[in-house]
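Enquirer: Here's a structure for you.
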Amino acid sequence: QDLRVGIIGVGVMGGDHADRLARRIGGARLVAVADPDEARARALAARHDGVRAVADPLALVADEEVDAVIVASPGFVHEEQVLACIAHSKPTLCEKPLTMDSASSLRVVEAERDAGRPLVQVGFMRRFDPQYAELRQLLASGRLGRTLLLHNTHRNKSVPNADFRSEMIVRDSLVHEVDVARFMFGEEIVAIQVLSPAPTSHALDGVVDPQVAVFTMAGGGLVTNEVFVNCQVGYEVRCEAVAERGSAIAGRPQTGLYATSVGESAGAPGSWGGAVDPDYTVRFGLAYDREVQAWVDAARRGEVVGATSWDGFAATAVCTAGMQSLATGERVAVDLADREVVLGVGARAAQ
Ligand code: ISE
């Protein structure tokens, strides 16, 4: 029997997941969408057969005809909504960030633990991108020796400028690199420093863009991260790992001749002969498909795959420290609870 899915939040990701469930995911069907903006919810529901629009997200969670929930609302309402999903024992795929700060994320981890069964997957879709997954496997295989460094690049063409704040780069964009670092190293991050270069003139006055963040891993490895959300060109995301016997890059274009030129011979000036993806829904479209399919399959088995609530909490804890570092420029130690104390001895290690 198909998993009956409800989606909370009908913005970019809610709409994208609705189309995905309708067209590309097996074993599940979208039955309801909820958003406080009821007109928008109705418009999305009308695009799909047999989908109801609900104004109150918590009513969708309680709905007996909804078996599982995708939370694609803004981060500041995640805690209440995910806690409601746990209280109703509904498998949940929560878009990042899990919540806005580490204390609230820890409350989610504890509620899921007390519920006694795994229910929450956090939407760190990069883990399902074929190249990121392959890089993780390569590093874990030991073929390159011990991993020493990661260099992450994360560029968006632009962000909606109204109300944009520097903290959003840490909480909404850098948070992906936090998960990538933990995933690739299989270790926690113990400290973060966020540096503020001279900003681009394309950012709002007072917004620090780009930002460069440095993570220190528990084993002493370092991760450098450039996050630049008004780069003007397109969506460029990649991860280079440097290990004792080699290096590897996930996220380099796979097709097309790599040729650069100041003239027109290789395409537009400064281009490489292929197209740069416009945004994350395109670049990570396949990763989202694989992530949602894996979530559906696991939910039907009563399991959770991909990033767990602990991974979501650990990422939020690093970003909480990162926001402090953004304000002061200092290196800030990450205050992470002891995993075994919270989850019990024998809990799965970071991965
Ligand atoms: C956005 O919220 C995302 O999650 C994207 O993956 C990220 O690349 C972008 O910078 C964020 O604004």
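Residues 608 to 958 in the numbering used here are what the sequence shown spells out, letter by letter. C-beta atoms are modelled at their ideal positions from N, C-alpha and C, and glycine is treated no differently.
Looking at the unbroken beta strand (DSSP E) that takes in Gly826, where does it start and where does it end?
Expert: The continuous stretches of beta strand (DSSP E) do not include Gly826, and DSSP gives it neither H nor E.
Enquirer: When the Cα atoms are used, what is the spatial distance from Asp642 to Val617?
Expert: For the pair Asp642 and Val617, the Cα-to-Cα distance works out to about 6 Å.
Enquirer: Please list the segments of the beta strand (DSSP E) lying wholly inside the segment 651-689, counting only runs of 3 or more residues, in order along the chain.
Expert: 659-661 and 675-678
Enquirer: So for Thr807, helix, strand or coil by DSSP?
Expert: Residue state, collapsed to three classes: coil.
Enquirer: Taking DSSP's pairing of strands, which residues face Cys846 in a bridge?
Expert: Asn759 and Ala857
Enquirer: Do you know how far the Cα of Leu933 is from the Cα of Gly826?
Expert: Inter-residue distance for Gly826 and Leu933 is about 24 Å (C-alpha atoms, whole angstroms).
Enquirer: Excluding the 5 residues flanking Val849 on each side, which residues of the same chain have their C-beta closer than 6 Å to its C-beta?
Expert: Leu755 and Leu756
Enquirer: Under the three-state reduction of DSSP, which class applies to Glu702: helix, strand or coil?
Expert: The answer is coil: DSSP assigns Glu702 none of H, G, I, E or B.
Enquirer: Who are the near neighbours of Ser868 in its chain, counting only those whose CB is closer than 6 Å to its CB and skipping five residues on each side?
Expert: Because Ser868 carries a pLDDT of 49, less than 50, the predicted location of this residue cannot be relied on, and the following value inherits that uncertainty. Excluding positions up to five away in sequence, the list is empty.
Enquirer: Report the residue from Met732, Ala694 and Ser854 whose alpha carbon sits nearest the alpha carbon of Glu717.
Expert: That would be Ala694, whose Cα lies nearest to the Cα of Glu717.
Enquirer: Straight-line CA distance for Ala873 to Val668?
Expert: With a pLDDT of only 49 at Ala873, under the threshold of 50, the placement of this residue in the model should not be trusted; the figure read from the coordinates follows. Those two C-alpha atoms are separated by around 52 Å.
Enquirer: Taking the C-alpha atoms as reference points, what is the distance between Ala943 and Gly919?
Expert: Before going on, a small fix: residue 943 reads as Leu here, not Ala. Whole-angstrom Cα-Cα distance: 12 Å.
Enquirer: Let me know if Gly929 comes out buried or exposed under the rule of 16 or more other beta-carbons within 10 Å of its beta-carbon.
Expert: buried
Enquirer: Under a criterion of Cβ closer than 5 Å to any non-hydrogen atom of ligand 1, which residues qualify, in chain order?
Expert: Asn763, Asp779, Ser780 and Tyr887
Enquirer: In chain order, what residues of the same chain lie with their CB nearer than 6 Å to the CB of Arg940, ignoring the 5 residues before and after it?
Expert: Note that residue 940 is Ala in the sequence shown here, rather than Arg. Around Ala940, the same chain offers Ala798 as residues with beta carbons nearer than 6 Å, after the five sequence neighbours per side are excluded.
Enquirer: In this structure, how does DSSP classify Ala944 when only helix, strand and coil are distinguished?
Expert: coil
Enquirer: Do Arg733 and Ala894 have their CB atoms nearer than 8 Å?
Expert: yes
Enquirer: Could you say which of Gly913, Tyr842, Pro737 and Glu687 lies nearest to Thr888 if we only look at CA atoms?
Expert: Tyr842
Enquirer: What number of angstroms, rounded off, separates the C-alpha of Arg810 from the C-alpha of Val766?
Expert: It is worth fixing the name first, because residue 810 is Ala in this sequence and not Arg. Using only the alpha carbons, I get a separation of about 9 Å.
Enquirer: Around the C-beta of Gln728, are 16 or more other C-beta atoms found within 10 angstroms, so that it is buried, or is it exposed?
Expert: buried
Enquirer: When you compare each of Gly858, Ser773 and Phe792 to Pro737 by their alpha carbons, which one comes out closest?
Expert: Closest by alpha carbon: Gly858.
Enquirer: So Ile615 and Leu637 are supposed to be a Cβ contact under 8 Å. How far apart are they, rounded?
Expert: Not confirmed; about 12 Å, so no contact.
Enquirer: Decide if Phe683 is buried, meaning its Cβ has at least 16 other Cβ atoms within 10 Å, or exposed.
Expert: exposed
Enquirer: Spatial neighbours of Asp708 within its chain, please: C-beta separation below 7 Å, excluding the five flanking residues on both sides.
Expert: Shown here for Asp708: same chain residues with a beta carbon closer than 7 Å to its own, the five before and five after excluded, namely Thr923 and Thr927 in chain order.
Enquirer: Where does Ala747 fall in DSSP's three states?
Expert: helix
Enquirer: Going by C-alpha to C-alpha distance, which of Ser680, Pro725 and Ala722 sits closest to Leu983?
Expert: Past the edges of the chain, shown from 608 to 958, lies residue 983, and the structure says nothing about it.
Enquirer: DSSP three-state label for Gly622, please.
Expert: When secondary structure is reduced to three states using DSSP, Gly622 falls in the helix class.
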